[in-house]
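Protein chains: 4
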Amino acid sequence: MVDGNGTLIKRIFENAPFVRSLGIELVSFGTGWCETSLKVTSVLKQQHGLVHAGVLMTLADHSCGGAAATTASDEQDVITVETKVAFLRPAPVSVLLCRAQVLRAGRRLVFTEAEVFTEEKIVVSKVSSTLAFVALKSS
Amino acid sequence: MVDGNGTLIKRIFENAPFVRSLGIELVSFGTGWCETSLKVTSVLKQQHGLVHAGVLMTLADHSCGGAAATTASDEQDVITVETKVAFLRPAPVSVLLCRAQVLRAGRRLVFTEAEVFTEEKIVVSKVSSTLAFVALKSS
Amino acid sequence: MVDGNGTLIKRIFENAPFVRSLGIELVSFGTGWCETSLKVTSVLKQQHGLVHAGVLMTLADHSCGGAAATTASDEQDVITVETKVAFLRPAPVSVLLCRAQVLRAGRRLVFTEAEVFTEEKIVVSKVSSTLAFVALKSS
Amino acid sequence: MVDGNGTLIKRIFENAPFVRSLGIELVSFGTGWCETSLKVTSVLKQQHGLVHAGVLMTLADHSCGGAAATTASDEQDVITVETKVAFLRPAPVSVLLCRAQVLRAGRRLVFTEAEVFTEEKIVVSKVSSTLAFVALKSS
Numbered sequence: 001m002v003d004g005n006g007t008l009i010k011r012i013f014e015n016a017p018f019v020r021s022l023g024i025e026l027v028s029f030g031t032g033w034c035e036t037s038l039k040v041t042s043v044l045k046q047q048h049g050l051v052h053a054g055v056l057m058t059l060a061d062h063s064c065g066g067a068a069a070t071t072a073s074d075e076q077d078v079i080t081v082e083t084k085v086a087f088l089r090p091a092p093v094s095v096l097l098c099r100a101q102v103l104r105a106g107r108r109l110v111f112t113e114a115e116v117f118t119e120e121k122i123v124v125s126k127v128s129s130t131l132a133f134v135a136l137k138s139s
Numbered sequence: 140m141v142d143g144n145g146t147l148i149k150r151i152f153e154n155a156p157f158v159r160s161l162g163i164e165l166v167s168f169g170t171g172w173c174e175t176s177l178k179v180t181s182v183l184k185q186q187h188g189l190v191h192a193g194v195l196m197t198l199a200d201h202s203c204g205g206a207a208a209t210t211a212s213d214e215q216d217v218i219t220v221e222t223k224v225a226f227l228r229p230a231p232v233s234v235l236l237c238r239a240q241v242l243r244a245g246r247r248l249v250f251t252e253a254e255v256f257t258e259e260k261i262v263v264s265k266v267s268s269t270l271a272f273v274a275l276k277s278s
Numbered sequence: 279m280v281d282g283n284g285t286l287i288k289r290i291f292e293n294a295p296f297v298r299s300l301g302i303e304l305v306s307f308g309t310g311w312c313e314t315s316l317k318v319t320s321v322l323k324q325q326h327g328l329v330h331a332g333v334l335m336t337l338a339d340h341s342c343g344g345a346a347a348t349t350a351s352d353e354q355d356v357i358t359v360e361t362k363v364a365f366l367r368p369a370p371v372s373v374l375l376c377r378a379q380v381l382r383a384g385r386r387l388v389f390t391e392a393e394v395f396t397e398e399k400i401v402v403s404k405v406s407s408t409l410a411f412v413a414l415k416s417s
Numbered sequence: 418m419v420d421g422n423g424t425l426i427k428r429i430f431e432n433a434p435f436v437r438s439l440g441i442e443l444v445s446f447g448t449g450w451c452e453t454s455l456k457v458t459s460v461l462k463q464q465h466g467l468v469h470a471g472v473l474m475t476l477a478d479h480s481c482g483g484a485a486a487t488t489a490s491d492e493q494d495v496i497t498v499e500t501k502v503a504f505l506r507p508a509p510v511s512v513l514l515c516r517a518q519v520l521r522a523g524r525r526l527v528f529t530e531a532e533v534f535t536e537e538k539i540v541v542s543k544v545s546s547t548l549a550f551v552a553l554k555s556s
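The following block contains the structure:
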């Protein structure tokens, strides 16, 4: 059964210390997608005063994981297999939004993509990511 | 002239707040390569108690930038165009090392790759990244 | 001036022997996009009787080049820097269509993406590709 | 049991019409790697008289599949999940060689990489590819 009430995706966002430390928030989700946001603070910058690529990748990766999680069964969890990120434009230090969606959920693999964009809908990064379903560990 | 004394790579590591906040250190470098390390702390974990993919991507991206910087001229800086990361194995919460090297430095683009590995030389991630030379801004 | 009348994209499809030998056709295009098709023949198969991944990649790569070409100036040509292809589903031996579009055309680099799909609109591959503008050689 | 005598890899190269039509040859292999070659003919060119990116991707993809196949059990076959190719340099119309190797073979996924290079050992493309083990179909 697909995780209709979002237990897994909520847990993924609540229980990840690194994601919480950056300030990444789960905004909304449905089967096959999720939206997230991040209010960029000064510590998330790189040497030119822009948002560090690692921050953009973290936001996108976790959002892709969230989207994939909405297609998992009650006994499954998701892990990232690989990801590719294209940095279309420099990302300003402001609020960043991300929408991730599932392109195809197979039996063992989930293909996803994501966009990171500003509040003015300027896309700064485009992401293509493959995840795998794994057995959920009770914790 | 290639940046033989490493002014650019040193500045890239010193002046990036996000990289410093994670604890990423520049260990050594030469023309076309650099090595970095990160002592993983508890806040860098994801929901399963492993190192977050975003941490691995940040470490690799910044190291690729460092390697590329060693091939820049005195008037150039580097920015990441795109990156792909394969997550070969879960990364344990311990010391992680990264070696990045330039595959080819052209006139405008730099192709790099990187490995993230444990102190026991177990490779956890393999990275392929393209960067671009841009004009250095005085700051 | 952007190549409004499609001189470059037409030449890219007419003058590429490999693309012609596979049977790839330019169907339509506008500024920032193009659509192509390929009637898959028996020789384009791999060992399981499906379309070879290399055929899908060739179709997508050339289409991304076409889309990028529509944003080139009269003095520019385009070359592929790197590409990533996700194989969402096996591709049947039938007619395949591809739509490529530019995500961002900068001064020196063009970010594109493409989908390869069947006549029933089933997406079989999703592609993310970076190209570079280079000086057009007279030939 | 790992496929020590290379039944699967040999079949992958013999039974793929597209690969045979290009002239790609299996040169040698062992557990976790294979080497291939391609004598580039005129039909494999793109519009600038260089080797088409699709040819390089086909050579690399099939070689990664071959390397992965050497780590499959007798009941397994391999399929490509995704691949990323960096085009470091233009590839001349001559003999091209490819070496593909397994970075990690898991229970369900195989991470590979490959280099395409000239007889003078100039690397023209670097490839990172993920494959999956699937059940072998009798044919």
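Chains as they are written, first to last, in this note's numbering: chain F, 1 to 139; chain W, 140 to 278; chain Y, 279 to 417; chain G, 418 to 556. Where a beta carbon is used, it is the ideal one built from N, C-alpha and C, also for glycine.
Y:D339 is bridged by DSSP to nothing; it lacks a bridge partner. Membership of Y:S299 in any beta strand (DSSP E) is not indicated; the residue belongs instead to the alpha helix (DSSP H) covering P295 to L300. Of the residues G:Q493, G:W450 and G:R516, the one whose Cα lies closest to the Cα of G:L473 is G:R516. Taking a C-beta cut-off of 9 Å against chain W, the contacting residues of the segment 10-22 of chain F are R11, I12, F13, E14, N15, A16, P17, F18, V19, R20, S21 and L22, listed in chain order. The beta-carbon distance between W:A208 and W:I148, rounded to whole angstroms, is 4 Å. This is short enough to meet the 8 Å contact definition. Just measuring C-alpha positions, the residue of Y:E313, Y:R385, Y:K415 and Y:A338 sitting nearest G:K501 is Y:A338. Rounded to whole angstroms, the Cβ separation of F:F18 and W:H191 is 4 Å, and the two are in contact under 8 Å.
Look at W:R247: its C-beta is under 9 Å from a C-beta on chain Y. Interface with chain G (9 Å Cβ-Cβ cutoff): W:T269 is included.
Secondary structure of F:G30 (DSSP, three-state): strand. Here the alpha carbons of Y:E303 and G:E442 stand approximately 29 Å from one another. Taking 9 Å as the cut-off, the Cβ atoms of W:V249 and W:F226 do not count as close. Against G:T475, the close residues of chain Y are H330, A331, G332, V333, M335 and T336, in the order they occur along the chain (beta-carbon pairs closer than 8 Å). Within its own chain, the residues whose Cβ lies closer than 8 Å to the Cβ of F:S37, once the five positions on either side in sequence are excluded, are I24, E25, V27, V95, L96, L97 and C98, listed in chain order. For G:E431, no beta strand (DSSP E) segment is defined; the enclosing uninterrupted segment is the alpha helix (DSSP H) at T424 to E431. Following the DSSP letters along the chain, one finds Y:K404 inside the beta strand (DSSP E) bounded by residues V401 to A413. Under the DSSP assignment, W:A244 falls in the beta strand (DSSP E) whose first and last residues are V234 to A244.
The Cβ-Cβ distance between W:G171 and W:V241 falls below 9 Å.
In the DSSP assignment, W:K223 falls within the beta strand (DSSP E) that extends over Q215 to F226.
DSSP places G:V460 within a helical segment (H, G or I) once states are collapsed to three. Between F:F29 and F:G65, the C-beta gap is not smaller than 9 Å, which leaves the two residues out of contact.
If you draw a straight line from the Cα of W:T257 to the Cα of W:K178, it is about 10 Å long. Annotation: the continuous beta strand (DSSP E) that includes G:T535 extends over L526 to T535. When C-beta distances to chain Y are compared with 7 Å, the residues of the segment 82-101 of chain F below that value are K84, A86, L88 and R89, in chain order. The beta carbons of F:V43 and W:S202 sit no closer together than 9 Å.
Along the segment 115-130 of chain F, going in chain order, the ones with a CB nearer than 8 Å to a CB of chain Y are V123, K126, S128 and T130.
F:S129 sits away from F:E75, with the two beta carbons spaced by 9 Å or more.
Under DSSP, F:L38 forms a beta bridge with F:I24 and F:L96. Look at the segment 173-187 of chain W: the residues with a C-beta under 9 Å from a C-beta of chain F are S181, V182, L183, K184, Q185, Q186 and H187. Among the bridge pairs identified by DSSP, F:V55 is matched with none. The beta carbon of G:T497 sits closer than 9 Å to some beta carbon of chain Y.
Proximity to F:T58 across F:A16, F:I122 and F:A72 peaks at F:A16, based on C-alpha coordinates. With a contact defined as Cβ atoms closer than 8 Å, W:A206 and W:T251 qualify at about 5 Å.
Going by beta carbons, W:R247 and Y:R386 fall inside the 9 Å limit. Around the beta-carbon of W:E254, 16 or more other beta-carbon atoms lie within 10 Å, marking it buried.
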